[in-house]
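To keep things clear, I will list the structure first and then write my remarks on it.
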Amino acid sequence: MNVPGVAEESDSSADVLTADPRVGVWEVAPILETMKLSRPVSWFLLAFGVWSWVIWFTFVKNLWKDASGLAFDDSGDPTAYFWVHLLLAITSFLLGTAIGVIGLRGVRALRRNDASE
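Residue numbers for the sequence shown follow our numbering, so the first one is 31 and each next one is one higher.
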């Protein structure tokens, strides 16, 4: 099928990462070597990662100091509300970090390309 904007199917298109179990080395599939992020997208992803850390760090700090009775019961033990929101914050930290790293790698790659030209 030859449709503009649609990649042709091939046997290796499903493999993004390949591994050689004998040496424990992951190799990037050729399709990932040609992927490029634009400058605005790279900066957006990096800014999102930083923003995520700032917002969720503030949220966890406020959750820890909560005196309303939602996060801690009368005896000072954490409630289900506390654990659910802490898990949400940890997940957001991890996703924000991953997104920020992708953005940082994009910005660094663009700077390397600009320097080599």
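Even glycine gets a Cβ: it sits at the ideal position worked out from N, Cα and C. This structure is a prediction, so every number in the text was calculated from the model and none was measured.
DSSP three-state call for Asn-32: helix, strand or coil? Residue placement at Asn-32 is poorly supported in this model, since its pLDDT is 44, which falls under 50; the coordinates still yield a value, given next. Assignment of Asn-32 by DSSP, reduced to helix, strand and coil, places it in the coil class.
Same chain, Cβ closer than 7 angstroms to Leu-67, five either side skipped, listed in chain order: Hits under 7 angstroms: Gly-136.
Jot down the residue ranges of each uninterrupted alpha helix (DSSP H) in the stretch 58–123, minimum 4 residues, whole runs only, in chain order. Entirely contained in the stretch 58–123, the alpha helix (DSSP H) runs reaching 4 residues are, in chain order, 60–63, 69–94.
Please identify the residue among Ala-97, Asn-143, Ser-72, Trp-86 whose C-alpha is closest to the C-alpha of Thr-1. The requested residue 1 does not occur in the structure, where the chain is confined to residues 31 to 147.
Which value, in whole angstroms, describes the spacing of the CA atoms of Ala-110 and Ile-129? Spanning the two alpha carbons is a distance of roughly 28 angstroms.
Among residues of its own chain, excluding the 5 on either side of Val-90, which ones have a beta-carbon nearer than 8 angstroms to its beta-carbon? Leu-116, Ala-119, listed in sequence order.
Would you mind working out which of Leu-134, Ala-145, Arg-142, Ser-146 sits nearest Pro-70, comparing C-alpha positions? Considering only alpha carbons, the answer is Leu-134.
Give a yes or no on whether the C-beta atoms belonging to Gly-126 and Trp-73 are separated by under 7 angstroms. In this structure, Gly-126 sits away from Trp-73, with a CB-CB distance that is not shorter than 7 angstroms.
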